[in-house]
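These protein sequence lines are chains A and B, in that order. Using numbering that gives the first Met the number 0, the first residue of the first sequence is number 0, and each one after it goes up by one. Using numbering that gives the first Met the number 0, the first residue of the second sequence is number 0, and each one after it goes up by one. Note that the Cβ used here is the ideal one computed from N, Cα and C, for glycine as well. No experiment lies behind these values; they were computed from the predicted model shown. See below for the structure under consideration.
2 protein chains.
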Amino acid sequence: MDKFIALDETKQQKILNAALKEFAENGYEQASTNRIVKEAGIGKGMLFYYFKSKKELYDYLAEYSLDFMVKRYFNLIDASEPDFIERLKQIAEVKIKAQSENRSVFDFIGTLLLAKESDLPVSIQKKYENMQKAGNAMLYEGIDLTLFRDDVDVEKAFKLIRWSMDGYQNELLHRLEGQKLAAIDFEPYWKEFYGYLDILKKSFYKEGKRER
Amino acid sequence: MDKFIALDETKQQKILNAALKEFAENGYEQASTNRIVKEAGIGKGMLFYYFKSKKELYDYLAEYSLDFMVKRYFNLIDASEPDFIERLKQIAEVKIKAQSENRSVFDFIGTLLLAKESDLPVSIQKKYENMQKAGNAMLYEGIDLTLFRDDVDVEKAFKLIRWSMDGYQNELLHRLEGQKLAAIDFEPYWKEFYGYLDILKKSFYKEGKRER
DNA sequence: TACTTCTCGACCACCCTGGTCAACTCGAAG
DNA sequence: CTTCGAGTTGACCAGGGTGGTCGAGAAGTA
Chain A
0 MDKFIALDET
10 KQQKILNAAL
20 KEFAENGYEQ
30 ASTNRIVKEA
40 GIGKGMLFYY
50 FKSKKELYDY
60 LAEYSLDFMV
70 KRYFNLIDAS
80 EPDFIERLKQ
90 IAEVKIKAQS
100 ENRSVFDFIG
110 TLLLAKESDL
120 PVSIQKKYEN
130 MQKAGNAMLY
140 EGIDLTLFRD
150 DVDVEKAFKL
160 IRWSMDGYQN
170 ELLHRLEGQK
180 LAAIDFEPYW
190 KEFYGYLDIL
200 KKSFYKEGKR
210 ER
Chain B
0 MDKFIALDET
10 KQQKILNAAL
20 KEFAENGYEQ
30 ASTNRIVKEA
40 GIGKGMLFYY
50 FKSKKELYDY
60 LAEYSLDFMV
70 KRYFNLIDAS
80 EPDFIERLKQ
90 IAEVKIKAQS
100 ENRSVFDFIG
110 TLLLAKESDL
120 PVSIQKKYEN
130 MQKAGNAMLY
140 EGIDLTLFRD
150 DVDVEKAFKL
160 IRWSMDGYQN
170 ELLHRLEGQK
180 LAAIDFEPYW
190 KEFYGYLDIL
200 KKSFYKEGKR
210 ER
């Protein structure tokens, strides 16, 4: 595995991407090391020269992905914005950027929690839980509750707003399926997105508190 | 296949459920006829006595599921309710009932569209498209637009409301994972759900139009 | 009894699996 | 120019799973 780390960046990336994609699409059991080496353009032997087993490769990917997530996504979020919708908007921007930078990492992490109570090393499980905890904190900490209408339960408003925004993002992702995210001009989609955000503010915030 | 139809209901159900579950969980290629017969409690030979190939079984399931969907779900929806949120609420009730009646059918249909441009018989593809069209009509036809606030685009409000309700339902399904749907007392969840609906009405409808 | 219809699971040829390893390349050290 | 060892390959292995077949018997019917 130290052999792998010594490789030059581009070769590492090629192998990582091939493996992440394979695991993300097929899960651990159904993922094929043969397909990985073919996609990565290396001989079968090399994979097991770098990683002594399929499992070790998988664990390495898990750790790598979580680190990527923290470095390239979480750390770039400004958690000081007190306006809930504005904060989510900013998170969405960072997320899209990180996602087009490396889509397969996100897909892979998505499957990590599906592998229910998986036999990942405890250290990685810990890392995962911490990430979830930090993510939650970044969503709700320091939010200005006075922006919200007085006649709705704020907790529920949080959820409704999140579901709405997730809904938009999923639909968009579905609409853009197949296209290379990095090659897309997101300008019009952001406009559309902001349109929805305005409605959410009109709907869930007090009158007169809509503008910032 | 006519041999299969001649079977008594309960045996048919056992085989159907086993097959639906297997295909839903693993997709067409990865689904195993061996696991299906084991789960269904029949000998391997019988499956190919009833259906002459894996493909014929799959096509039969597709047709069966679509018919189930129409008969046990679509046809029970009252599309005359002009209040959008009330209509969605009613749809949700029917859906939950149909889903607990036969969960695997829903899961299987969910994978049908993932099998992109699959090589299903045209007749079944047609049936599927018709179902989607009818579903859309039932959502939006005859809705009373005057209920909505004047300062938001109704089309966008539609989407926001749907995303919100889908979000709740997904979260709930996720929360209840593993439990047998039919055995759950949904009372408290409906209450919670209605709570969200009230907020949606407060937020997206004109003042004074909230009650019915 | 004789004939048809059901039912089973051992069996088939084939494919793919994760992992190994003898053989080869190639640049650096002596 | 030789030697060495790290890097690299893909044929190969045993094992297991695949969709589908079929001979043999069970059950039902006349």
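Using only the alpha-carbon positions, how far apart do A:Val69 and A:Lys126 sit? When rounded, the separation of the alpha-carbon atoms in A:Val69 and A:Lys126 is 10 Å.
For A:Phe105, name the three-state secondary structure that DSSP assigns.
Helix at A:Phe105.
Is B:Ile198 close to chain A, meaning its C-beta is less than 7 Å from at least one C-beta of that chain? B:Ile198 counts as touching chain A.
- Task: Would you decide whether A:Glu193 is buried or exposed? Buried here means 16 or more other CB atoms lie within 10 Å of its CB.
- Result: Note on residue identity: the sequence assigns Tyr, not Glu, to residue 193 of chain A. The residue is exposed, with fewer than 16 neighbouring Cβ atoms inside 10 Å.
TODO: Could you confirm whether any beta carbon from chain A is found closer than 7 Å to the beta carbon of B:Arg209?
DONE: Interpretation of B:Arg209 is limited by its pLDDT of 47, a score under 50 that renders its predicted location unreliable; the figure taken from the coordinates is listed afterwards. Not one chain A Cβ lies under 7 Å of B:Arg209.
Cross-chain neighbours of B:Ser31 in chain A, by beta carbon under 8 Å = None at all; the shortest Cβ gap to chain A is about 12 Å.
I'd like to know whether the C-beta atoms of A:Leu75 and A:Val93 end up nearer to each other than 7 Å. Going by C-beta atoms, A:Leu75 is nearer than 7 Å to A:Val93.
*Contacts that A:Lys155 makes with chain B (C-beta to C-beta distance below 8 Å)*: Here the neighbours are Gly194, Tyr195 and Ile198.
Notebook entry, point to check: Would A:Met0 be called buried (16 or more neighbouring beta carbons within 10 Å of its own) or exposed?
Noted result: Classification of A:Met0: exposed, given that the 10 Å Cβ count is below 16.
| said: Tell me whether the segment 126-135 of chain A and the segment 130-137 of chain B touch, counting them as touching only if at least three CB pairs, one residue from each stretch, are closer than 8 Å. | reply: A contact between stretches requires three or more CB pairs, one per stretch, nearer than 8 Å, and the segment 126-135 of chain A fails this requirement with the segment 130-137 of chain B.
Inset, instruction - Can you give me the Cβ contacts of A:Leu196 inside the same chain, cut-off strictly under 7 Å, excluding the 5 residues immediately before and after it? - result: In chain order, Ile84 and Lys88 place their CB closer than 7 Å to the CB of A:Leu196, counting only its own chain and leaving out the 5 sequence neighbours on each side.
So who's on the other strand from A:Tyr204, going by DSSP bridges? Answer by DSSP bridge pairing, in chain order: A:Phe147.
Residues that A:Lys179 contacts on chain B, provided the C-beta gap is smaller than 8 Å: Proximity of chain B to A:Lys179 at the Cβ level (cut-off 8 Å) is not reached, the minimal Cβ distance being about 18 Å.
Q) If you count every other CB in all the chains shown that lies within 10 Å of the CB of B:Ala97, and 16 or more means buried, which is it? A) When all chains shown are included, B:Ala97 counts as buried.
Please specify which runs of the alpha helix (DSSP H), each continuous and at least 4 residues long, are wholly inside the segment 23-85 of chain B, giving them in chain order.
Here the runs fully enclosed are 32-39, 43-49 and 53-71.
*asked:* Please list, in chain order, the chain A residues whose beta carbon lies closer than 9 Å to that of B:Lys201.
replied: Per Cβ cutoff of 9 Å: Arg148, Asp150, Val151 and Ser202.
**Prompt:** Since A:Asp165 meets chain B, which of its residues come closer than 8 Å, beta carbon to beta carbon?
**Reply:** For a Cβ distance threshold of 8 Å, residue set Trp162 and Gly166 of chain B lies close to A:Asp165, ordered along the chain.
_Count Cβ pairs between the segment 99-119 of chain B and the segment 175-184 of chain B that sit closer than 8 Å; are there 3 or more?_
A contact is defined here as three or more CB-CB pairs under 8 Å, and the segment 99-119 of chain B meets this definition with respect to the segment 175-184 of chain B.
Checklist entry - From which residue to which residue does the alpha helix (DSSP H) around B:Phe3 run? => result From DSSP, the alpha helix (DSSP H) with B:Phe3 extends over Asp1 to Ile4.
| query | Can you tell which of B:Arg34, B:Phe107 and B:Asn169 has its C-alpha closest to the C-alpha of B:Tyr188? | reply | Residue nearest to B:Tyr188 within the set B:Arg34, B:Phe107 and B:Asn169 is B:Asn169 (criterion: CA-CA distance).
Could you give the C-beta distance for A:Asp82 and A:Leu146, rounded to a whole number, given that I count them as a contact under 8 Å?
The distance from the Cβ of A:Asp82 to that of A:Leu146 is about 6 Å, consistent with a contact at the 8 Å cut-off.
Using a Cβ-Cβ cut-off of 7 Å, state whether A:Leu144 counts as contacting chain B.
Closer than 7 Å: no.
| query | According to the neighbour-count rule (16 or more other Cβ atoms, all chains shown, within 10 Å of its Cβ), is B:Ser202 buried or exposed? | reply | Buried.
Check your understanding: By the 10 Å Cβ neighbour count, where 16 or more other Cβ atoms means buried, how is B:Ile90 classified, buried or exposed?
Key -> Buried.
Q. Mapping DSSP to helix, strand and coil, what is B:Ala114?
A. DSSP places B:Ala114 in coil when its eight states are reduced to three.
Margin query: Measuring only the C-alpha atoms, how far is A:Ile108 from A:Leu171?
Written below: Distance between the alpha carbons of A:Ile108 and A:Leu171: 20 Å.
Open item on the list: I want to see whether chain A comes within less than 7 Å of B:Leu15, judged by CB atoms only; does it?
Closed with: By the rule that beta-carbons nearer than 7 Å mark a contact, B:Leu15 does not touch chain A.
Tell me whether B:Lys179 sits in a helix, a strand or coil according to DSSP, three-state version.
Correct three-state label for B:Lys179: coil.
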